[in-house]
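Working notes for the structure below.
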Amino acid sequence: MKNEQISAGHAAFLRREKKNAAVIRAARAGVLLLLLGIWELAAATEIVDPFIISSPSRVAATVAELWKNGSLLYHVGTTLWETLAGFAIAVSLGSLIALTLWWSERARKIFEPYIVVINSLPKIALGPVIIVWFGSGSAAIVFMTVLVGIIVAVMNMLGGFLATDKNKITLLRSMGASKLQILTKLVIPSALPQFIGMLKVCVGMAWIGSIMGEYIASKAGLGYLIVYGGQVFRLDLVMAATLILCVLAAGMYALVALAEKLLIRSPK
Amino acid sequence: MNETPDTPVLSFENVYYAYHTKGGETLAVRSLDFSLREGEFMAVIGPSGCGKTTVLSLAAGLLSPFAGEIAVRGRPVRESAGKFGYMLQKDELFPWRTIRKNIVLPLEVGKKNTEANREKALSLAKKYGLGDFLSYYPDQLSGGMRQRAALIRTLAPDPEILLLDEPFSALDYQTRLTVCNDVYGIIRGEKKTALLVTHDISEAISLADRILVLSRRPATAVALHEIGFEAMTPLERRESPCFSAWFEKLWKELNI
Ligand SMILES: Nc1ncnc2c1ncn2[C@@H]1O[C@H](COP(=O)(O)OP(=O)(O)O)[C@@H](O)[C@H]1O
Ligand SMILES: [Mg+2]
């Protein structure tokens with residue numbers, strides 16, 4: 136319901152809100168600039184050895200150099216592809232498994248202890264096994280990414296499915312709904328917010344998985360650059376790759392947040 | 515049993531039901547007998563936790579009695595899918611569906627989602643004042659309007675028997691009186707047979723033709739009364755001199 140005429144009080148309130156938001160945005164940018172400034176200054180005055188901490192200008196130069204020799208897109212592309220593939224598989228397979236476990240209470244009870252154990256297992260322990268099975272290419276890294284994300288996806292979605300309002304299930308049953316109808320008309324749509332929440336968690340998990348995978352076995356990618364840079368003491372390279380990683384992870388999170396805005400109607 | 519003009523719409527004969535949990539067995543309904551006549555509005559009252567919701571779930575075929583018979587027009591309740599319209603305490607409208615989509619939900623579920631049925635359901639909504647709100651989402655409506663939408667949803671598949679489980683208890687007092695009046699008007703207007711369970715004595719008196727009084731758990735019939743207010747609306751009944759006499763009588767029976 137729109138109010139055509141906004142009262143003076145409300146207009147003032149909106150102005151205040153707008154101003155607050157602008158202040159917060161400016162402060163956020165300020166914090167970033169401040170940190171970069173301190174970093175640059177510390178390196179320029181050699182309070183801390185720039186060889187160890189690098190500096191924003193050296194990082195920028197490194198990125199420019201990677202861009203010029205054509206390897207930037209190659210490494211970013213490799214990691215991005217591995218992360219997205221692992222993310223997509225973990226999310227879809229995880230949701231499917233959660234659906235199955237929702238469907239059958241018996242399956243849920245049988246697999247519960249396995250899920251708990253796999254969840255608490257540090258996936259990196261499987262590194263050597265993965266290398267033996269998949270070699271040291273992208274397949275191993277995608278597998279690692281899936282491994283890190285899938286249990287989180289399963290547990291989140293199962294929690295969401297099981298939290299479906301009992302009264303609404305009763306209502307559908309009284310209409311003569313089949314289990315499949317209860318699933319499609321109620322359980323899945325009501326778990327949509329949970330699904331978005333799970334996507335947000337899994338974005339983080341996917342980056343953990345792919346970078347961890349690249350640490351163990353890789354010939355390309357941002358994780359590879361970080362490990363390589365560390366081994367040859369090129370901290371500029373390590374910092375550059377890390378910063379690019381920050382930007383990519385933030386971008387992917389922003390996409391999920393956008394999907395949330397498009398998919399979920401905010402209450403009026 | 516074959517259907518004769520006297521066959522009740524719904525009948526309970528010596529019905530028992532018990533819940534089984536790890537903690538033990540809870541007998542919720544014991545030797546319950548009653549029957550519902552064509553077109554009547556029956557209220558079942560009983561103290562909280564006595565087994566009223568269980569009685570409705572049994573009637574709707576969502577639970578099966580471990581002893582006794584439940585029949586719809588003389589036939590086992592299992593064969594009666596789609597004959598009931600169930601209305602719960604809260605409206606239970608799906609928040610991601612508009613009012614229009616909520617109202618046609620039972621049609622989708624019952625494979626009756628034809629153009630004609632949808633039109634009928636929507637014209638019912640318009641007839642009872644929801645016409646302007648069809649494209650709204652439930653959270654944009656007041657509690658009373660939502661409950662009205664829930665009733666229209668219940669009526670959409672044209673059920674033979676309405677089962678109402680304390681449908682007003684989640685509303686505030688003012689709203690409850692008007693929604694109660696509304697719902698009465700709609701149910702009478704559509705000539706439906708209705709079974710209402712409630713712990714609220716005045717609600718039962720203001721709506722029902724007959725009132726069945728249940729004991730504490732396990733629920734069994736204590737008394738059955740013809741109220742005799744016939745054509746009076748709930749608000750008129752509340753102002754009638756007989757109202758308080760009925761209230762006192764039922765109050766005593768409930769607290770035996
Ligand atoms: N699913 C269930 N499992 C075990 N006990 C139940 C269950 N549902 C209800 N009960 C018990 O059965 C009794 C009757 O419940 P109910 O029919 O919901 O009562 P009412 O609707 O009259 O308040 C209560 O004592 C309640 O604790
Ligand atoms: Mg109840």
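Protein chains in written order, with the working numbering: chain S, 136 to 403; chain B, 515 to 770. Even for Gly, the Cβ is constructed at its ideal location relative to N, Cα and C.
1) Specify the secondary structure class of D605/B as computed by DSSP and reduced to three states.
2) Can the beta-carbon of E217/S be found less than 8 Å from the beta-carbon of G356/S?
3) Report all residues from its chain with a CB closer than 8 Å to the CB of K314/S; omit the five preceding and five following residues, and keep chain order.
4) Using CA coordinates, which residue listed in T692/B, M601/B, N769/B, V736/B is at the minimum distance from P748/B?
5) Against chain B, does G311/S count as a neighbour if the rule is that its beta carbon must be under 8 Å from one of theirs?
6) Would P681/B count as contacting chain S if we go by Cβ distances under 8 Å?
7) May I ask you to list, following chain order, the residues of the region 320-331 of chain S that have a beta carbon less than 9 Å from some beta carbon of chain B?
8) At the level of alpha carbons, what is the spacing between E622/B and A664/B?
9) Determine the contact status of K625/B and E674/B, defining contact as a CB-CB distance below 8 Å.
10) Rounded to whole angstroms, what's the CA-CA distance from M659/B to L644/B? Just pull it up for me.
11) Which residue from L677/B, S562/B, R551/B puts its Cα closest to that of P732/B?
12) Using the Cα positions of K301/S and D679/B, report the straight-line distance between them to the nearest angstrom.
13) Determine, for K303/S, whether the minimum Cβ-Cβ distance to residues of chain B falls below 8 Å.
14) Flag this pair as yes or no: are the beta carbons of L334/S and T299/S separated by less than 8 Å?
15) Does any heavy atom of ligand 2 sit closer than 7 Å to the C-beta of K566/B?
16) Would DSSP call E527/B helix, strand or coil?
17) Any beta carbon from chain B within less than 8 Å of R241/S's own beta carbon?
18) Taking CB distances under 8 Å as the criterion, tell me whether L307/S reaches chain B.
19) S549/B and L576/B - do their beta-carbons sit closer together than 8 Å?
20) Of all the options F580/B, K536/B, M556/B, G538/B, which has the alpha carbon lying nearest to the alpha carbon of Y530/B?
21) May I ask which residues mark the beginning and end of the beta strand (DSSP E) holding A542/B?
22) Kindly identify the DSSP beta-bridge partner or partners of L738/B.
23) Using the three-state DSSP reduction, which class does M310/S fall into: helix, strand or coil?
24) Please state whether DSSP places D672/B in a helix, a strand or coil.
25) Using 7 Å as the cut-off, classify the Cβ of P744/B as near or not near the heavy atoms of ligand 2, replying yes or no.
26) How is the alpha helix (DSSP H) around L390/S delimited, first residue to last?
27) In this structure, does DSSP put V362/S in helix, strand or coil?
28) Measure from the C-beta of F773/B to each C-beta in chain S and report whether the shortest distance is under 8 Å.
29) When the Cα atoms are used, what is the spatial distance from E181/S to G172/S?
30) Among residues of its own chain, excluding the 5 on either side of K303/S, which ones have a beta-carbon nearer than 6 Å to its beta-carbon?
31) Along chain S, which residues have their Cβ under 8 Å away from the Cβ of G624/B?
32) Which chain S residues are close to A574/B, counting only those with a beta carbon under 7 Å from its beta carbon?
33) Using a beta-carbon distance below 8 Å, is E593/B in contact with chain S?
34) Where E740/B and D723/B are concerned, what is the direct C-alpha to C-alpha distance, given to the nearest angstrom?
35) Does any residue of chain S bring its CB to less than 8 Å from the CB of Y651/B?
36) At 8 Å on the CB atoms, spell out the chain B contacts of R400/S, in chain order.
Taking the structure as given:
1) As a working mapping, residue 605/B is identified with position 91 in the second sequence. D605/B: coil per DSSP, three-state reduction.
2) In the first sequence, counting from the first residue as 1, residue 217/S sits at position 82. In the first sequence, counting from the first residue as 1, residue 356/S sits at position 221. Yes.
3) Locating residue 314/S in the first sequence gives position 179, where the first residue counts as 1. W238, listed in sequence order.
4) Position 234 of the second sequence, counted from the first residue, corresponds to residue 748/B. Of T692/B, M601/B, N769/B, V736/B, the smallest CA-CA separation from P748/B is found for T692/B.
5) As a position in the first sequence, residue 311/S is number 176, starting the count at 1. It does; some Cβ of chain B falls within 8 Å.
6) Taking the second sequence and counting its residues from 1, one reaches residue 681/B at position 167. Interface residue (Cβ-Cβ distance to chain S less than 8 Å): P681/B is not classified as such.
7) Contacts with chain B (Cβ-Cβ distance below 9 Å) from the region 320-331 of chain S involve K320, L321, P324, S325, L327, listed in chain order.
8) Walking along the second sequence from the start, residue 622/B turns up at place 108. Walking along the second sequence from the start, residue 664/B turns up at place 150. The alpha-carbon atoms of E622/B and A664/B are separated by roughly 16 Å.
9) By 1-based counting over the second sequence, the position of residue 625/B is 111. By 1-based counting over the second sequence, the position of residue 674/B is 160. No, they are not a contact pair.
10) Within the second sequence, numbered from 1, the residue matching residue 659/B stands at position 145. Within the second sequence, numbered from 1, the residue matching residue 644/B stands at position 130. A direct Cα-Cα distance of roughly 8 Å separates M659/B from L644/B.
11) Mapped onto the second sequence, residue 732/B falls at position 218. Considering only alpha carbons, the answer is S562/B.
12) Counting from 1 along the first sequence, the entry for residue 301/S is found at position 166. Counting from 1 along the second sequence, the entry for residue 679/B is found at position 165. The C-alpha of K301/S lies about 15 Å from the C-alpha of D679/B.
13) Working through the first sequence from its first residue, we reach residue 303/S at position 168. By this cut-off, K303/S is an interface position.
14) Counting from 1 along the first sequence, the entry for residue 334/S is found at position 199. Counting from 1 along the first sequence, the entry for residue 299/S is found at position 164. Annotated as distal: L334/S and T299/S, with beta-carbon spacing of 8 Å or more.
15) Indexing the second sequence from 1 puts residue 566/B at position 52. At least one heavy atom of ligand 2 is nearer than 7 Å to the Cβ of K566/B, so yes.
16) Translated into the one-based positions of the second sequence, residue 527/B becomes position 13. The three-state reading of DSSP puts E527/B in strand, counting E and B together.
17) Counted from its first residue, the first sequence places residue 241/S at position 106. Chain B, which has no Cβ nearer than 8 Å to the Cβ of R241/S, makes this no.
18) As a first step, residue 307/S is located in the first sequence; it is residue number 172 there, counting from the start. It does; some Cβ of chain B falls within 8 Å.
19) Residue mapping note: residue 576/B aligns to position 62 of the second sequence, counting from 1. Residue mapping note: residue 549/B aligns to position 35 of the second sequence, counting from 1. Going by C-beta atoms, L576/B is not nearer than 8 Å to S549/B.
20) Position 16 of the second sequence, counting from 1, holds the residue named residue 530/B. Of F580/B, K536/B, M556/B, G538/B, the smallest CA-CA separation from Y530/B is found for F580/B.
21) Indexing the second sequence from 1 puts residue 542/B at position 28. In the DSSP annotation of this structure, the continuous segment of the beta strand (DSSP E) that includes A542/B starts and ends at 538-550.
22) Counting from one through the second sequence, the residue named residue 738/B turns up at place 224. Beta-bridge analysis with DSSP links L738/B to L726/B.
23) On the first sequence, position 175 is the one that residue 310/S refers to. Looking at M310/S - three-state DSSP - the assignment turns out to be coil, as it is neither helix nor strand.
24) Position 158 of the second sequence holds residue 672/B. The three-state secondary structure of D672/B, taken from DSSP, is coil.
25) By one-based count along the second sequence, residue 744/B stands at place 230. For the sequence presented, residue 744/B should be read as Glu rather than Pro. No - ligand 2 has no heavy atom lying nearer than 7 Å to the Cβ of E744/B.
26) For this step, residue 390/S is matched to residue 255 along the first sequence. Segment 370-398, the alpha helix (DSSP H) holding L390/S.
27) Counting from 1 along the first sequence, the entry for residue 362/S is found at position 227. The answer is helix: DSSP assigns V362/S an H, G or I state.
28) Absent from the model: residue 773/B. The displayed extent of chain B is 515 to 770, so no value can be given.
29) Locating residue 181/S in the first sequence gives position 46, where the first residue counts as 1. Locating residue 172/S in the first sequence gives position 37, where the first residue counts as 1. Answer to the nearest angstrom: the Cα atoms are 14 Å apart.
30) Within the first sequence, the letter at position 168 stands for residue 303/S. Around K303/S: L321.
31) To locate residue 624/B, count along the second sequence from 1; it is residue 110. Residues of chain S passing the Cβ test: M310, G311.
32) Start at 1 with the first residue of the second sequence, and residue 574/B comes out as number 60. Going along chain S in sequence order, the residues near A574/B (Cβ under 7 Å) are S309.
33) Working through the second sequence from its first residue, we reach residue 593/B at position 79. Not one chain S Cβ lies under 8 Å of E593/B.
34) As a working note, residue 740/B is residue 226 in the second sequence. As a working note, residue 723/B is residue 209 in the second sequence. Within the model, the alpha-carbon separation for E740/B versus D723/B is close to 6 Å.
35) Looking up residue 651/B in the second sequence gives position 137. Chain S, which has a Cβ nearer than 8 Å to the Cβ of Y651/B, makes this yes.
36) Start at 1 with the first residue of the first sequence, and residue 400/S comes out as number 265. For R400/S, the residues of chain B that pass the 8 Å Cβ criterion are W610, Y651, in the order they occur in the chain.
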